[in-house]
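Heads up, the sequence shown is in full-length UniProt numbering, so the first residue is 9 and it goes up one at a time.
Glycine residues also receive a C-beta, built at the ideal position from the N, C-alpha and C atoms.
Computed from a predicted structure; not experimentally measured.
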Amino acid sequence: PVDPQASFPLTPEGVLAKVFGFSGFRGLQQDAVETVMRGEDVLVLMPTGGGKSLCYQVPALCRDGMGLVISPLIALMDDQVAGLRQLGVRAAALHSGLEPDERDELQSDLRNGRIDILYISPERLLQPATANFLSKRQISLIAIDEAHCISAWGHEFRPEYRALASLPEMFPGVPRIALTATADPRTRNDILNALGMPEARVLMASFHRPNLIVEARAKASESRQLLDTLQSHREGASIVYCGSRNKTERVATMLRDKGLTALPFHAGLSALEKRATLMRFRSGEEMVIVATIAFGMGIDRPDVRCVVHLDMPSSPEAYYQQIGRAGRDGEPSDTLLLYGGEDMARARYWLEQSSAPDHEKRVMQARLESMIALTETTGCRTQALLACFGENLPQPCGHCDNCINPVSTFDGTQAAQKVLSAIYRTGQRLGAVQLSNILRGKTNETIERNAYQHLSVFGIGKEHSEQWWRAVIRQLIARGAIRMHGEYGSLALQSDIARPILRGEERVALRLEAKAALSASAGSNG
Ligand code: ADP
Ligand code: ZN
Numbered sequence: 009p010v011d012p013q014a015s016f017p018l019t020p021e022g023v024l025a026k027v028f029g030f031s032g033f034r035g036l037q038q039d040a041v042e043t044v045m046r047g048e049d050v051l052v053l054m055p056t057g058g059g060k061s062l063c064y065q066v067p068a069l070c071r072d073g074m075g076l077v078i079s080p081l082i083a084l085m086d087d088q089v090a091g092l093r094q095l096g097v098r099a100a101a102l103h104s105g106l107e108p109d110e111r112d113e114l115q116s117d118l119r120n121g122r123i124d125i126l127y128i129s130p131e132r133l134l135q136p137a138t139a140n141f142l143s144k145r146q147i148s149l150i151a152i153d154e155a156h157c158i159s160a161w162g163h164e165f166r167p168e169y170r171a172l173a174s175l176p177e178m179f180p181g182v183p184r185i186a187l188t189a190t191a192d193p194r195t196r197n198d199i200l201n202a203l204g205m206p207e208a209r210v211l212m213a214s215f216h217r218p219n220l221i222v223e224a225r226a227k228a229s230e231s232r233q234l235l236d237t238l239q240s241h242r243e244g245a246s247i248v249y250c251g252s253r254n255k256t257e258r259v260a261t262m263l264r265d266k267g268l269t270a271l272p273f274h275a276g277l278s279a280l281e282k283r284a285t286l287m288r289f290r291s292g293e294e295m296v297i298v299a300t301i302a303f304g305m306g307i308d309r310p311d312v313r314c315v316v317h318l319d320m321p322s323s324p325e326a327y328y329q330q331i332g333r334a335g336r337d338g339e340p341s342d343t344l345l346l347y348g349g350e351d352m353a354r355a356r357y358w359l360e361q362s363s364a365p366d367h368e369k370r371v372m373q374a375r376l377e378s379m380i381a382l383t384e385t386t387g388c389r390t391q392a393l394l395a396c397f398g399e400n401l402p403q404p405c406g407h408c409d410n411c412i413n414p415v416s417t418f419d420g421t422q423a424a425q426k427v428l429s430a431i432y433r434t435g436q437r438l439g440a441v442q443l444s445n446i447l448r449g450k451t452n453e454t455i456e457r458n459a460y461q462h463l464s465v466f467g468i469g470k471e472h473s474e475q476w477w478r479a480v481i482r483q484l485i486a487r488g489a490i491r492m493h494g495e496y497g498s499l500a501l502q503s504d505i506a507r508p509i510l511r512g513e514e515r516v517a518l519r520l521e522a523k524a525a526l527s528a529s530a531g532s533n534g
């Protein structure tokens, strides 16, 4: 406990007030704290920013002994320890990044019982010497942070988390509290089973973040759309997620050329570059981080005003976590997902090519399909997103793009047939841009070289813009009627789904896109 001479009783409320300076618990915190205080196991599901840390920090300071906190990332541990030390809590982190003298000092502190909360990596905890040493100490609780890392279904699987199944043998009778912001039912069950606590109490907060404006838009001109969005957010920070390292570099350069402060962040940077970027990000400077998913866990800047995805996330869970980095201070914040049909088809193609074991592939495919469905949804996006986590939001949110501009649909069967015929007649080897050209009767070198202008489908869709046709193609991809084959973006028919449409046995309802994206003059480098 914090200070043996402390005059206040070490009740949870007392610790909350005296150590953390907060006047009351939020949401499910009190329930979580009381469960651990009774010595019972619990799984806490709360969105990012929901206040998970206090759920174990408070009981760790109230109960006798030292609290162990298992955490997957050194940066995460160091952040938490620094925060706690500022509050006067005797916290430390034990991981491979310690200097020899730091390690010696920590060992002596541990031996003398001078640590109240110890953050530790799973691989470190399970090293025989460490395990042996710690199992002889009095341990108040074991917190398993980012517990979804234990799930092979999860998007941040860490094999070393699997070994945490042996915790009850090493520390019999010590209550465990697992915490995560990933809440889909499958991951939840996986965590409980893998930790061997199927009967544990499950506390799940609502994942609704009313201050986040969820918006998705078809890609028309990626750079233009990105700039427009970022320029309306001159204060605070913005995060732009990209699917590849190269792209983060390219986009960051483009943004700097336009006068914004923009830095790339991805796993290919040196440790030094990463640290420097993170420091600037944390300093509160107004800036844009252009990142791969490597920029994620432990990012705790309250005033991220905007998160943009230039490429589609791999699953609704990943998407939710990434947009969840916006608006942690509770202020209104915007999120924008730009999506395109070829991106969807490409993601499917690469997954199909992946050498992952079959069962993993099937799970990843199911996640990708939920993500695609979420992107194409015509109803409230917030409701659709929460439904992925088994949560039912009774009313539409009122502030996502589909709530603000309700989507209308039209009978697009004929348009779909034109697209599918054009793909078939041109030998299933073209991408969306050339197909739109053919439908609109535009010639170019490729079209002439292959004599496509003589086909019956040439010019059968003159009345619509390129953007309009690309929107139709995208929706047919999302529906599964068109797939990509080969890595160069060639589109082919998925015959079991395409054939009934071509024969007129199945009607196709298409969404009418926002007018701006459809005007014939819109840009076309999506
Ligand atoms: P999570 O780990 O769930 O993402 P944190 O534990 O980092 O969330 O908490 C998010 C923020 O909310 C922190 O700044 C924290 O100090 C604050 N917070 C948490 N609980 C309370 C509370 N009961 N009263 C006031 N602020 C709180
Ligand atoms: Zn909505």
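Classification of residue i by the beta-carbon crowding that lies within 10 angstroms, buried from 16 upward
{"i": "residue 434", "result": "buried"}
{"i": "residue 93", "result": "exposed"}
{"i": "residue 478", "result": "buried"}
{"i": "residue 537", "result": "The requested residue 537 does not occur in the structure, where the chain is confined to residues 9 to 534."}
{"i": "residue 503", "result": "exposed"}
{"i": "residue 180", "result": "exposed"}
{"i": "residue 333", "result": "buried"}
{"i": "residue 270", "result": "buried"}
{"i": "residue 496", "result": "exposed"}
{"i": "residue 310", "result": "exposed"}
{"i": "residue 19", "result": "exposed"}
{"i": "residue 317", "result": "buried"}
{"i": "residue 523", "result": "Because the pLDDT of residue 523 is 46, which lies under 50, any placement of that residue in the model is unreliable, and the number read from its coordinates should be weighed accordingly. So residue 523 counts as exposed."}
{"i": "residue 466", "result": "buried"}
{"i": "residue 445", "result": "buried"}
{"i": "residue 485", "result": "buried"}
{"i": "residue 141", "result": "exposed"}
{"i": "residue 13", "result": "With a pLDDT of 47 at residue 13, under the threshold of 50, the modelled position of that residue is not reliable, and the figure given next carries that caveat. Counting Cβ neighbours within 10 Å, residue 13 comes out exposed, since fewer than 16 surround it."}
{"i": "residue 358", "result": "exposed"}
{"i": "residue 442", "result": "buried"}
{"i": "residue 471", "result": "exposed"}
{"i": "residue 202", "result": "buried"}
{"i": "residue 403", "result": "exposed"}
{"i": "residue 338", "result": "exposed"}
{"i": "residue 266", "result": "exposed"}
{"i": "residue 527", "result": "Low local confidence applies: a pLDDT of 42 at residue 527 is under 50, so the model's placement there is unreliable, and no value is given."}
Residue i Cβ short of 7 Å to the ligand ADP heavy atom set
{"i": "residue 54", "result": "yes"}
{"i": "residue 32", "result": "yes"}
{"i": "residue 57", "result": "yes"}
{"i": "residue 535", "result": "This structure does not reach residue 535, given that the chain is present from 9 up to 534, and the question cannot be answered."}
{"i": "residue 37", "result": "yes"}
{"i": "residue 308", "result": "yes"}
Beta-carbon spacing of residue i, residue j below 8 Å
{"i": "residue 173", "j": "residue 204", "result": "yes"}
{"i": "residue 296", "j": "residue 268", "result": "yes"}
{"i": "residue 215", "j": "residue 397", "result": "yes"}
{"i": "residue 124", "j": "residue 75", "result": "yes"}
{"i": "residue 437", "j": "residue 409", "result": "no"}
{"i": "residue 301", "j": "residue 347", "result": "no"}
{"i": "residue 198", "j": "residue 78", "result": "no"}
{"i": "residue 505", "j": "residue 482", "result": "no"}
{"i": "residue 480", "j": "residue 517", "result": "no"}
{"i": "residue 382", "j": "residue 356", "result": "no"}
{"i": "residue 147", "j": "residue 182", "result": "yes"}
{"i": "residue 7", "j": "residue 386", "result": "Any property of residue 7 remains undetermined from this structure, which presents the chain solely from 9 to 534."}
{"i": "residue 340", "j": "residue 221", "result": "yes"}
{"i": "residue 538", "j": "residue 272", "result": "Given that the chain is displayed from residue 9 to residue 534, the structure contains no residue 538 and the question cannot be resolved."}
{"i": "residue 374", "j": "residue 431", "result": "no"}
{"i": "residue 498", "j": "residue 439", "result": "yes"}
{"i": "residue 308", "j": "residue 264", "result": "no"}
{"i": "residue 189", "j": "residue 55", "result": "yes"}
{"i": "residue 1", "j": "residue 353", "result": "Nothing about residue 1 can be reported from this structure: the residues present for the chain run from 9 to 534 only."}
{"i": "residue 303", "j": "residue 245", "result": "no"}
{"i": "residue 171", "j": "residue 58", "result": "no"}
Requested in this report: Give every residue whose Cβ lies closer than 5 Å to any heavy atom of the ligand ZN, listed in chain order.
Outcome: That query returns the following residues: 388, 390, 404, 405, 408 and 411.
Query raised in the report: Touch check for the region 61 to 73 and the region 223 to 235: three-plus C-beta pairs under 8 Å?
Result: Contact between the region 61 to 73 and the region 223 to 235 is absent: fewer than three C-beta pairs spanning the two stretches fall below 8 Å.
Requested in this report: Determine contact between the region 235 to 255 and the region 274 to 291, defined as no fewer than three beta-carbon pairs at a distance below 8 Å.
Outcome: Segments in contact, yes.
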